[in-house]
Amino acid sequence: LEGHKIVTVGELLVEFISHTKGCALERIGEFSGPYPSGAPAIFLDQASRMGAETEMFGGVGDDGFGRLLLERLRADGVGTEGVSVLPDRSTGTAFVSYYDDGSRDFIFHLANTAADSLSFTAEMLPPGPLALHVSAASLGSAPLRRAILSAADAVKGSGGKITCDPNARPQLMQDDEARGALERILGQADCLMPSTSDLDHLYPGLDEAAAIDRLVHSGAEILAIKRGAKGATIIGDGAKYDLPGHDVDEVDPTGAGDCFCGTFVALLAQGVGLEEAGRQANAAGAIAVTRRGPMEGNSGPSQISAFLSSTPAVSDGREA
Ligand code: ATP
Ligand code: MG
597 LEGHKIVTVG ELLVEFISHT KGCALERIGE FSGPYPSGAP AIFLDQASRM
647 GAETEMFGGV GDDGFGRLLL ERLRADGVGT EGVSVLPDRS TGTAFVSYYD
697 DGSRDFIFHL ANTAADSLSF TAEMLPPGPL ALHVSAASLG SAPLRRAILS
747 AADAVKGSGG KITCDPNARP QLMQDDEARG ALERILGQAD CLMPSTSDLD
797 HLYPGLDEAA AIDRLVHSGA EILAIKRGAK GATIIGDGAK YDLPGHDVDE
847 VDPTGAGDCF CGTFVALLAQ GVGLEEAGRQ ANAAGAIAVT RRGPMEGNSG
897 PSQISAFLSS TPAVSDGREA
């Protein structure tokens, strides 16, 4: 991945977070937001903060939410020439509420918003070498799926790399077209970063070692397994690194996975070794969960090194 510019094609949206736990999306209550969000945007914002060269392809409306998103991405150094401002569409939105057990309920408004109405063609991609990051959740939308598959073919065709977070939500896996697109991307990917629950959804009935074996055989050279509070495991270059989780107070877990992936890929693109990139990604994910808002917990190199010297990783005696 060294020397590659990182690009994403996908949804830009703003998120509203309920302050009440439980069935808050069916009651009147207090929310905060709009928070800049969308998995590909969270990922790319973090990659840029970690010093990578980046460009985002997506759509926003000509409205306050769209301006908020563009301002945040630009302030953090993300290239936004690929973001279309669509005068006749509203910016995509999502509402989220948490339950006491940490699970969450989302309502997404993406279909027919600016988020899925982008006018992307592969000719719009900047000169290479490119690394395209695919967040699998985007493949659930037909227009985004078409754009992402054409970007992936163009990037692979010009010798570039594909990185993928196979965010394998059950709804996604039940949609034949989305599942087929995910299988195609998995076959093209050079670096895969699943969470342990993604492995269960991708390969039901297989244990972790067998699922990892399947992914390695699909052609990826680098794997990062995300384990939530238990940390992460990095596999590549004939080695395996188990990174225990950091002990933090989890305020809002949304975005931790994207922040982990953005840190990891950005560091690899700058020539950092696998173990060190994993160590910093593991810290970035832990920092991310301590802040409310999907992108608000993103961080840069100085914050990560301060965190690593003050918050040691905990290797045992704790359940995720
Ligand atoms: P997302 O909800 O964004 O899809 P994910 O399921 O892809 O997240 P997680 O495994 O939840 O990914 O989190 C990504 C990384 O963030 C973990 O591998 C770990 O490094 C860090 N992390 C997440 N939650 C915690 C936590 N409670 N304590 C410490 N570190 C955490
Ligand atoms: Mg995930």
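Add 596 to the 1-based position in the sequence shown for the numbering used here, that's all there is to it. Cβ atoms here follow ideal geometry from the backbone N, Cα and C, with glycine treated the same way. Only a predicted model underlies this, so the values are computations on that prediction, with no experimental measurement involved.
Straight-line gap, residue i to residue j (C-alpha atoms, nearest Å)
i	j	result
His600	Glu817	16 Å
Asp761	Asp854	8 Å
Phe653	Ser731	13 Å
Asp772	Glu626	37 Å
Glu598	Glu649	11 Å
Ala743	Thr717	7 Å
Arg875	Ser793	21 Å
Met789	Phe856	9 Å
Thr604	Leu669	13 Å
Leu778	Leu795	13 Å
Val847	Gly678	33 Å
Gly606	Ile613	21 Å
Ser633	Glu611	6 Å
Tyr694	Gly755	42 Å
Lys822	Ala738	27 Å
Pro897	Thr759	21 Å
Ser686	Tyr631	16 Å
Gln899	Val674	19 Å
Asp912	Asp838	Note on Asp912: pLDDT 47, under 50, position unreliable in the model; the coordinate value appears next. Whole-angstrom Cα-Cα distance: 12 Å.
Gly783	Ser901	35 Å
Short Cβ contact (8 Å threshold) for residue i with residue j
i	j	result
Ala909	Pro840	yes
Gln767	Gly815	no
Gly688	Leu609	yes
Leu798	Ile808	no
Ile638	Gly851	yes
His705	Pro636	no
Ala785	Arg765	no
Ile602	Ala862	yes
Leu740	Phe691	no
Arg655	Ser680	Before going on, a small fix: residue 655 reads as Gly here, not Arg. Their beta carbons are under 8 Å apart, which means Gly655 touches Ser680 by this criterion.
Arg887	Gly881	no
Residue(s) in a DSSP beta bridge with residue i
i	result
His842	Ala909
Gly815	Gly815 pairs with nothing; no bridge assigned.
Val861	Partner(s): none; Val861 has no beta bridge.
Lys757	Ala727
Leu802	Partner(s): none; Leu802 has no beta bridge.
Leu682	Gly657
Tyr695	None; Tyr695 has no bridge partner.
Per-residue DSSP class, three states only, for residue i
i	result
Met652	strand
Ala785	coil
Asp672	coil
Pro632	strand
Ile821	strand
Phe661	helix
Val751	helix
Lys836	strand
Lys617	coil
Ala732	helix
Glu791	It should be pointed out that residue 791 corresponds to Ser in this sequence rather than to Glu. Strand, per DSSP.
Val610	strand
Phe716	coil
Asp701	strand
Interface flag, residue i vs chain C, CB-CB below 8 Å
i	result
Ile781	Absent from the structure is chain C; it holds one protein chain and no more.
(message) Just to be sure I understand the criterion: a residue counts if its Cβ is closer than 6 Å to at least one heavy atom of the ligand ATP. Which residues meet that?
(response) Asn763, Ser791, Lys822, Arg823, Gly824, Ala825, Gly827, Ala828, Gly841, His842, Val844, Glu846, Pro849, Thr850, Gly851, Ala852, Gly853, Asp854, Phe856, Asn878, Gly881, Ala882 and Val885
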